[in-house]
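Line order of the protein sequences matches chains A and B.
Going by this note's numbering, 66 is the number at position 66 of the first sequence; the sequence numbering is gapless.
Counting from 1 along the second sequence, just add 209 to a position and that's the residue number in this note's numbering.
Just below is one structure, and these are the notes that go with it.
There are 2 protein chains.
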Amino acid sequence: MTSNIPEVVILRLPLYARVLRGLADRGEDVVSSQRLGDLLHSTPAQIRKDLSYFGRFGKQGRGYRVDHLLRELRQIMGLERQWSVILVGVGQLGKAILTYGGFAPQGFHVVAAFDSDQSLVGTSVGSLTVQASGELAETVKQHQPQLAIVAVPGHACQSVVDMVVRAGIKGILNYAPHQAQVPEGVWVRDIDPVGALQSITYYLKPNGS
Amino acid sequence: MTSNIPEVVILRLPLYARVLRGLADRGEDVVSSQRLGDLLHSTPAQIRKDLSYFGRFGKQGRGYRVDHLLRELRQIMGLERQWSVILVGVGQLGKAILTYGGFAPQGFHVVAAFDSDQSLVGTSVGSLTVQASGELAETVKQHQPQLAIVAVPGHACQSVVDMVVRAGIKGILNYAPHQAQVPEGVWVRDIDPVGALQSITYYLKPNGS
DNA sequence: GCTTGTGAAGACCTTCACAGCA
DNA sequence: TGCTGTGAAGGTCTTCACAAGC
Chain A
1 MTSNIPEVVI LRLPLYARVL RGLADRGEDV VSSQRLGDLL HSTPAQIRKD
51 LSYFGRFGKQ GRGYRVDHLL RELRQIMGLE RQWSVILVGV GQLGKAILTY
101 GGFAPQGFHV VAAFDSDQSL VGTSVGSLTV QASGELAETV KQHQPQLAIV
151 AVPGHACQSV VDMVVRAGIK GILNYAPHQA QVPEGVWVRD IDPVGALQSI
201 TYYLKPNGS
Chain B
210 MTSNIPEVVI LRLPLYARVL RGLADRGEDV VSSQRLGDLL HSTPAQIRKD
260 LSYFGRFGKQ GRGYRVDHLL RELRQIMGLE RQWSVILVGV GQLGKAILTY
310 GGFAPQGFHV VAAFDSDQSL VGTSVGSLTV QASGELAETV KQHQPQLAIV
360 AVPGHACQSV VDMVVRAGIK GILNYAPHQA QVPEGVWVRD IDPVGALQSI
410 TYYLKPNGS
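Shown next as structure tokens:
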């Protein structure tokens, strides 16, 4: 049975959780859909509808309890556990990702890094030793990571994604400038800063908007 | 007059251009919407409809001339010129962005970098010298950059965005984990790798999809 | 009185299917 | 024959508006 919760809704859940976290940190107990809408630059109706796909978390006349809703959302997204991640591609970008401190606090732990460049294999980046791509399947079998971050040149993206998928990984964060083809049941999100800028400049031309 | 070309279409244009560039590099002359659809994991109808918002670029019975369509799309997106970009936030992430080689070849040139941390001001990163945030307005007035990349902590995002907008910048690439509020006529794209991973894990839980 | 949860309506985007042209 | 361009149909997502409950 394929769920009929719109994917856009799933994409918004992390934003909801982030804002709720902020409210919780500031000690706020209760929040209305109106207030959430203001903070998210969304509408109250959108937020109520989105949340209603997963349950009834609010109280009429009051709103939502911040800590309760946050816990529910984290549960729904599967964030009440740690996730293991491998990184493929330890070039400039890959190194930056490895030393970036933003993933671990959210429960995403990079447990292995791979590169096809023999001169990188064996070197240390952060707390990891770069492994040869050929070892990927074996390492995945051992550590059972659930996610992969792909940070290779565009021309290498598809073959790396194929390899990672063959190893059994079902979730991929792709930094390569290429839309990879994946089988049913594998999830890819693309990070494309250049494309993002290019879609802005459209509106900045004279007559843009 | 607010254009009625759907924003999703604008977001796809960079992908189209990227694929066309690949085809051009491989020396292909002509491409059908069918072929483009295969390469983009989209449908022929979608591609024809998207392109039809901007003009009639194809020939019945033949398809689209690769170089011609690519040039048209680059024109439409405003890529047939150079764009100047400033960077705000020269922490780990900001440094990585400055040394990342992916922007310049696409015509996006980082011309200045700012940070509020006095111990960073005056230091060199790549070919730039970090400036104090207070100099931002003046530097923008001089160099007239059109775009800003924001790479500051979440709590600083809104005030940095406000500052950048006040300086007259109309396009922002935001790496901070915060949805900034901007006035009409200013365009923001968020880069959110953690959120992307969080929206994948939803589907990886047992019963996910 | 205030705010949620939700069917129904509406807006928006995608897909269909075919006329028209190379 | 092959493929585009496009109205019309279909589907999906958002917004409305109100009954129900605190």
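Note that beta-carbon positions come from the ideal geometry of N, C-alpha and C, so glycine has one too.
So, residue i versus residue j, is the Cβ gap smaller than 8 Å?
i	j	result
B:Thr-410	A:Gly-168	no
A:Ser-84	A:His-109	yes
B:Ser-242	B:Pro-253	yes
A:Leu-173	A:Leu-147	yes
A:Leu-40	B:Gln-390	no
B:Ala-385	B:Ala-360	yes
B:Leu-296	B:Leu-282	no
B:Gly-316	B:Gln-353	no
B:Val-218	B:Asp-259	yes
B:Ala-365	A:Ala-96	no
Could you name the residues that DSSP lists as bridge partners for residue i?
i	result
A:Gln-131	A:Phe-114
A:Asn-4	The partner list for A:Asn-4 (beta bridge, DSSP) is empty, contrary to what the question assumes.
B:His-318	B:Ser-293
A:Arg-189	A:Leu-173
B:Tyr-273	B:Val-240, B:Gly-267
B:Ser-333	B:Thr-338
B:Ile-358	B:Leu-296, B:Leu-382
Whose C-beta lies closer than 8 Å to the C-beta of residue i among residues of the same chain, with five residues either side of it excluded?
i	result
B:Pro-223	Met-286
A:Val-130	Val-90, Ala-113, Phe-114, Asp-115, Leu-120, Val-121, Gly-122, Thr-123, Ser-124
A:Gln-46	Gly-37
B:Met-210	No answer about B:Met-210 holds up, because its pLDDT of 45 lies below 50 and its placement is not dependable.
B:Gly-404	Pro-386
A:Arg-35	Gly-63
Identify, in the order they occur along the chain, each residue of the same chain with its Cβ nearer than 6 Å to the Cβ of residue i, setting aside the five sequence neighbours on each side.
i	result
B:Lys-414	none
B:Asp-399	Asn-383
A:Lys-59	none
B:Ser-408	none
A:Phe-54	Ile-76
B:Tyr-273	Val-240, Phe-266, Gly-267
A:Val-160	Val-88, Val-150, Val-152
B:Glu-289	Arg-283
B:Gln-367	Ala-389
Out of the options, which one is the CA nearest neighbour of residue i?
i	options	result
A:Pro-183	A:Val-165, A:Gly-195, A:Gly-101	A:Val-165
B:Arg-271	B:Arg-283, B:Asp-238, B:Leu-302, B:Phe-263	B:Asp-238
A:Arg-18	A:Gln-92, A:Leu-70, A:Ile-149	A:Leu-70
B:Trp-396	B:Gln-367, B:Gly-380, B:Gly-404, B:Ser-408	B:Gly-380
A:Gly-102	B:Tyr-225, B:Gly-394, B:Pro-362	B:Pro-362
B:Lys-350	B:Tyr-309, B:Arg-244, B:Met-372, B:Pro-314	B:Met-372
B:Gln-327	B:Ser-336, B:Glu-344, B:Ala-313	B:Glu-344
A:Ile-149	A:Gly-185, A:Gly-195, A:Tyr-100	A:Tyr-100
B:Leu-337	B:Pro-314, B:Ser-368, B:Gly-303	B:Gly-303
A:Tyr-16	A:Gly-27, A:Arg-48, A:Pro-105, A:Tyr-203	A:Arg-48
Ignore the nearest five residues each way along the sequence and tell me which others in residue i's own chain have a CB closer than 7 Å to its CB.
i	result
A:Asp-192	Pro-177
B:Ala-233	Val-275, Asp-276, Leu-279
B:Gly-335	Leu-307, Thr-308
A:Ile-5	Tyr-53
A:Gly-185	Lys-170
B:Arg-221	Asp-259
Check your understanding: In chain order, what residues of the stretch 216-242 of chain B put their CB closer than 9 Å to some CB of chain A?
Key -> Identification of residues in the stretch 216-242 of chain B having a C-beta nearer than 9 Å to some C-beta of chain A yields Glu-216, Ile-219, Leu-220, Arg-221, Leu-222, Pro-223, Leu-224, Ala-226, Arg-227, Val-228, Gly-231, given in sequence order.
Practice item. Scan the stretch 55-81 of chain A for residues whose Cβ lies nearer than 8 Å to a Cβ of chain B and list them as they occur along the chain. Key: Of all residues in the stretch 55-81 of chain A, Ile-76, Met-77, Gly-78, Leu-79 have a Cβ within less than 8 Å of some Cβ in chain B.
Exercise for review: For the stretch 362-375 of chain B, enumerate the residues whose C-beta is nearer than 7 Å to any C-beta of chain A, in chain order.
Suggested key: From the stretch 362-375 of chain B, no residue has a Cβ closer than 7 Å to chain A.
Review point. Relative to chain B, which residues along the stretch 133-148 of chain A have a C-beta separation below 7 Å, given in chain order?
Key: Taking 7 Å as the Cβ-Cβ cut-off against chain B, the residues of the stretch 133-148 of chain A that qualify are Gln-146, Leu-147.
Point to revise | Near-chain B residues of the stretch 194-205 of chain A (beta-carbon distance less than 9 Å), N- to C-terminal order | key: Flagged, chain order: Val-194, Gly-195, Ala-196, Leu-197, Gln-198, Ser-199, Ile-200, Thr-201, Tyr-202, Tyr-203, Leu-204, Lys-205.
Exercise for review: Give the residues from the stretch 170-181 of chain A that approach chain B closer than 7 Å (Cβ to any Cβ), ordered along the chain.
Suggested key: Of all residues in the stretch 170-181 of chain A, only Lys-170, Gly-171, Leu-173, Pro-177, Gln-179, Gln-181 place a beta-carbon less than 7 Å from a beta-carbon of chain B.
Check your understanding: What residues in the stretch 108-120 of chain A have a beta carbon less than 7 Å from any beta carbon of chain B?
Key -> Residues passing the 7 Å Cβ filter: Phe-108.
Check your understanding: Name the residues in the stretch 86-100 of chain A whose C-beta lies less than 7 Å from a C-beta of chain B; which are they?
Key -> Flagged, chain order: Gln-92, Leu-93, Ala-96, Thr-99, Tyr-100.
Check your understanding: Quick one, which residues of the stretch 248-262 of chain B are near chain A if we go by CB-CB under 7 Å, in chain order?
Key -> Within the stretch 248-262 of chain B, Leu-249, His-250 place their CB atoms closer than 7 Å to a CB of chain A, listed in sequence order.
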